[in-house]
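What follows is a single structure, written as structure tokens, with notes after it.
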Amino acid sequence: MNFFKDYTMTIAGRAASASEFLQVINPATEEVIAEVPDISREQLDQAVQSAREAFGPWRAQPLEVRQGRVKQIADKIAEHAEEFAQLLTREQGKPLADARFEMSACIHWLTEVAKQAPTVELVSETADRRIETHHVPIGVVGGIAPWNFPMTLSVWKIAPALVAGNTLVLKPSPFTPLTSLKLGELLRDVLPPGVLNIVTGGDRLGPWITEHPGIDKVAFTGSTATGKAIMRSASLNLKRITLELGGNDPAIVLPDVDIEKVVPQLFWAAFRNNAQFCLASKRMYVHESIYERFKEAFVAYAKTVKVGDGTLEGTQIGPIQNKPQFESVKALLSEAKSQGVSFILGGDVPETKGYFVPIAIADNPPEDSRVVAEEAFGPVLPLLRYYSTEEAIQRANASIYGLGASVWGKDLEKAQEVADQLEAGTVWINTIHELGPNFAFGGHKQSGLGVENGLAGLLEYTNPKTIVRNKIPL
């Protein structure tokens with residue numbers, strides 16, 4: 074198996090090509106590195122039908138068999154972790170060290186989710202009656218994964234869907250399809266035909282999946298705007314949906330922090346994965362008593378970070394993943410500068426090969442400016458001055474989003490008091506981006522619907538089924 078050529082879809086356990094193709098571009102070089110199939114409507118119907126036919130036998134397999142197969146997926150990735158990492162850097166742009174970390178995270182997630190089991194709740198039992206609630210698989214799941222963490226966020230769908238007894242049609246982003254296609258190729262001898270189908274296509278494919286009458290649930294990670302469109306199309310046949318959407322996560326830096334200690338943590342809270350991360354800290358509120366000192370230390374640290382091609386030694390931040398997002402970030406910076414926003418670092422995008430945007434840090438811009446109010450999804454961060462804790466909380470919550478948030482300070486009771494008032498699905502205190510397969514992750518407000526990970530995430534791939542048994546003989 075060659076990881077760097079011959080990319081085919083997996084439909085009904087077999088390789089599938091197409092009559093049309095999409096180009097995949099390395100964002101660091103702007104070179105075409107592969108072509109992948111652009112699926113037809115008829116081929117999607119075949120993939121859904123194969124998943125439908127596989128559902129009954131897969132659901133009937135003992136739980137431990139399904140768990141074992143998911144663990145085998147982890148083992149397959151582990152066998153080829155370096156090839157996956159190299160390919161991931163080529164198609165996504167992230168530094169190779171980050172790509173290797175993503176592969177280790179996938180292995181960990183698959184291994185741990187393979188230990189989970191849908192619950193059976195004994196509601197009550199009397200001499201004449203027993204009431205139980207079981208959790209049964211939904212059917213065929215349509216999984217739609219994004220381009221920022223293409224393997225991780227595919228695994229977050231594959232593992233619970235299969236353990237719970239569903240079958241899956243997975244669509245990776247057309248910008249980053251290569252690792253997912255190679256995973257499908259590897260698993261043709263691991264999973265029964267039709268249990269996991271991996272298909273690729275352009276903009277038309279997403280709506281085809283969300284509207285398809287043969288798909289019972291959609292699990293999507295991406296923008297809030299697209300999530301709303303999925304809700305509309307899924308309503309046609311009341312598909313179950315899990316939506317992990319956008320965020321504009323605040324970080325509140327309390328006045329008692331050790332500035333030198335927290336600056337590196339807060340820098341990576343904002344700029345990990347080139348800030349192409351729904352959970353990136355995108356608004357950083359710093360108390361006025363330490364604002365100037367914090368700003369100076371933050372910018373000094375930022376200047377030590379190397380931006381470049383992810384394949385090169387020492388690179389810490391890669392390019393923007395794709396040209397549309399690159400143009401979006403450039404437009405945001407241009408508008409901010411035209412409106413008088415002051416940048417203490419960056420703000421200009423030089424003409425170079427590759428979709429590179431230098432780290433940009435805005436100095437206390439207005440709260441209603443786009444660099445504050447919108448999710449840049451690129452290396453643009455506003456540092457914001459606040460004067461009271463109550464003010465910081467109010468400003469942090471004044472957003473349509475509620476995905477994540479963080480609080481930083483030595484006084485843990487005070488930090489906890491602030492955290493308790495933040496409107497977000499996950500709030501970290503003196504840490505950031507700690508996620509795990511054993512606890513739930515989801516958004517509030519327009520950051521999502523439903524949860525991923527943990528038992529709650531597994532149960533998103535099930536329907537409750539209550540059985541009331543009359544023990545008295547008829």
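For the sequence shown, my numbering assigns the number 547 to the last residue and increments by one with no breaks. All C-beta atoms, glycine included, are put in the ideal place defined by N, C-alpha and C. Keep in mind it's a predicted model, so treat the numbers as computed, not measured.
Which listed residue (the options) has its alpha carbon closest to that of residue i
i, options, result
"threonine 192", "Gly530, Thr388, Leu117, Ala435", "Gly530"
"valine 97", "Glu205, Ser246, Asp421", "Ser246"
"valine 480", "Leu528, Met224, His360", "His360"
"alanine 18", "Ile466, Lys544, Lys538, Ala88", "Because the chain spans 74 through 547 in this model, residue 18 falls outside it and cannot be assessed."
"alanine 187", "Val422, Thr388, Leu528, Asn543", "Leu528"
"threonine 572", "Arg142, Thr206, Val196, Leu169", "An answer regarding residue 572 cannot be provided, because it is not within the stretch 74 to 547 covered by the chain."
"lysine 149", "Gly419, Thr539, Leu309, Val263", "Val263"
"alanine 298", "Ala348, Arg313, Leu318, Gly287", "Leu318"
"alanine 435", "Phe416, Phe450, Pro423, Lys426", "Phe416"
"alanine 237", "Leu226, Gly212, Leu260, Leu251", "Gly212"
"threonine 499", "Gly521, Glu486, Leu485, Lys487", "Gly521"
"proline 266", "Lys403, Gln116, Pro423, Arg125", "Arg125"
"asparagine 395", "Arg366, Phe248, Ala492", "Phe248"
"leucine 259", "Gly523, Gln145, Glu463", "Gln145"
"valine 430", "Ile390, Glu448, Ala446, Thr462", "Ile390"
"leucine 532", "Phe514, Ile540, Val541", "Phe514"
"threonine 377", "Tyr364, Lys410, Trp341, Val541", "Trp341"
"glutamate 369", "Ile393, Ile106, Leu456, Val541", "Leu456"
"glutamine 116", "Pro135, Val209, Thr102, Ala88", "Ala88"
"threonine 291", "Val524, Pro537, Ile545", "The question names threonine, yet the displayed sequence has valine at residue 291. Among Val524, Pro537, Ile545, the Cα nearest to that of valine 291 belongs to Val524."
"proline 286", "Ala307, Gly295, Val272, Val105", "Ala307"
"leucine 309", "Thr294, Thr283, Ser362, Glu463", "Thr283"
"phenylalanine 94", "Thr384, Trp220, Gly275, Ala497", "Gly275"
Residue i and residue j closer than 8 Å at C-beta
i, j, result
"isoleucine 84", "asparagine 270", "yes"
"leucine 405", "valine 444", "yes"
"glycine 300", "leucine 316", "yes"
"lysine 230", "leucine 243", "yes"
"arginine 202", "asparagine 503", "no"
"glutamate 175", "leucine 161", "yes"
"methionine 357", "leucine 454", "yes"
"phenylalanine 128", "threonine 225", "no"
Residue i in three-state terms, based on DSSP
i, result
"threonine 273", "coil"
"proline 110", "strand"
"serine 197", "strand"
"tyrosine 374", "helix"
"phenylalanine 128", "helix"
"threonine 499", "strand"
"threonine 225", "helix"
"methionine 82", "strand"
"histidine 153", "coil"
"glutamate 424", "coil"
"valine 330", "coil"
"lysine 255", "helix"
"glutamate 164", "helix"
"leucine 418", "strand"
"isoleucine 390", "strand"
"glycine 450", "Residue 450 is actually phenylalanine in this sequence, not glycine. Correct three-state label for phenylalanine 450: coil."
"valine 380", "strand"
"lysine 395", "Per the sequence shown, residue 395 should be read as asparagine rather than lysine. Asparagine 395 falls in the coil class under three-state DSSP."
"asparagine 543", "strand"
Residue burial classification, residue i (beta-carbon count within 10 angstroms, cutoff 16)
i, result
"aspartate 322", "buried"
"proline 397", "exposed"
"glutamate 333", "exposed"
"alanine 234", "buried"
"methionine 74", "exposed"
"alanine 469", "buried"
"aspartate 382", "buried"
"tyrosine 80", "buried"
"serine 354", "buried"
Counterpart residues of residue i in DSSP-defined beta bridges
i, result
"aspartate 436", "Leu456"
"aspartate 322", "Ser354"
"leucine 104", "The sequence as given places glutamate at residue 104; leucine does not occur at that position. In the DSSP output, where bridge partners are listed per residue, glutamate 104 has Asn99."
"histidine 360", "Tyr459"
"alanine 88", "Thr83"
"phenylalanine 174", "BP columns for phenylalanine 174 are empty, so no partner."
"lysine 538", "His207"
"alanine 478", "Val500"
"alanine 292", "Gly216, Thr315"
"threonine 240", "Val213"
"phenylalanine 514", "Glu525"
"arginine 345", "The partner list for arginine 345 (beta bridge, DSSP) is empty, contrary to what the question assumes."
"phenylalanine 94", "Pro110"
"arginine 202", "Asn543"
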